[in-house]
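J.:
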Amino acid sequence: MQVERVDFVNVPTRDYDQSIAFYRDVLGLPQNPRVPTEFETGNVTLALFDPTEAGLEFATNGCGDIALRVPDVAAARAELEAKGISFVGGQDTGVCHMAFFNDPFGNALILHRRYAP
Numbered sequence: 602m603q604v605e606r607v608d609f610v611n612v613p614t615r616d617y618d619q620s621i622a623f624y625r626d627v628l629g630l631p632q633n634p635r636v637p638t639e640f641e642t643g644n645v646t647l648a649l650f651d652p653t654e655a656g657l658e659f660a661t662n663g664c665g666d667i668a669l670r671v672p673d674v675a676a677a678r679a680e681l682e683a684k685g686i687s688f689v690g691g692q693d694t695g696v697c698h699m700a701f702f703n704d705p706f707g708n709a710l711i712l713h714r715r716y717a718p
């Protein structure tokens, strides 16, 4: 088997309108005009998904964090904090800067920028 790439990642939600507002208006991700519950990030699509519609139990992505590459983690964090987003931590690994936060339904997100080869 040859995997060519990851096409999309499901992001669990219980309220499409609230999640759309968060990913579109707060994070500023481009919304797919044909599928309004999908957001394009350049190399992978974030697809909002209510697991209960498929007969599944609702659960967040747990520790399956979605890392959002940004030019400057500190600046992006300050921008989101000004919009009322709370962060649960940050880290400089010696390779990258990261800042950790959650969407309205508890899905783990990371602002990320690698600075070392």
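In this text, residue positions in the sequence shown follow the working numbering: the first is 602, and each later residue adds one. Positions of the beta carbon are idealized from the N, C-alpha and C atoms, including for glycine.
Can you list, in chain order, the stretches of the beta strand (DSSP E) that have 3 or more residues and sit fully within the stretch 635 to 697?
T.: Those beta strand (DSSP E) runs which fall completely within the stretch 635 to 697 and span 3+ residues are 639 to 641, 646 to 650, 667 to 670, 688 to 693.
J.: Among 709, 702, 644, which one has its Cα closest to the Cα of residue 663?
T.: By one-based count along the sequence shown, residue 663 stands at place 62. Selected option, being the one with the closest Cα: 709.
J.: Using a Cβ distance threshold of 8 Å, determine whether the stretch 651 to 669 contacts the stretch 696 to 709, with at least three qualifying pairs required.
T.: With the cut-off at 8 Å, the stretch 651 to 669 and the stretch 696 to 709 touch.
J.: On the three-state DSSP scale, how would you describe residue 619?
T.: As a first step, residue 619 must be located in the sequence shown, where it is residue number 18. In this structure, residue 619 counts as helix in the three-state DSSP scheme.
J.: Pull up the distance between the alpha-carbon of residue 653 and that of residue 684, whole angstroms please.
T.: Position 52 of the sequence shown, counting from 1, holds the residue named residue 653. Position 83 of the sequence shown, counting from 1, holds the residue named residue 684. Whole-angstrom Cα-Cα distance: 30 Å.
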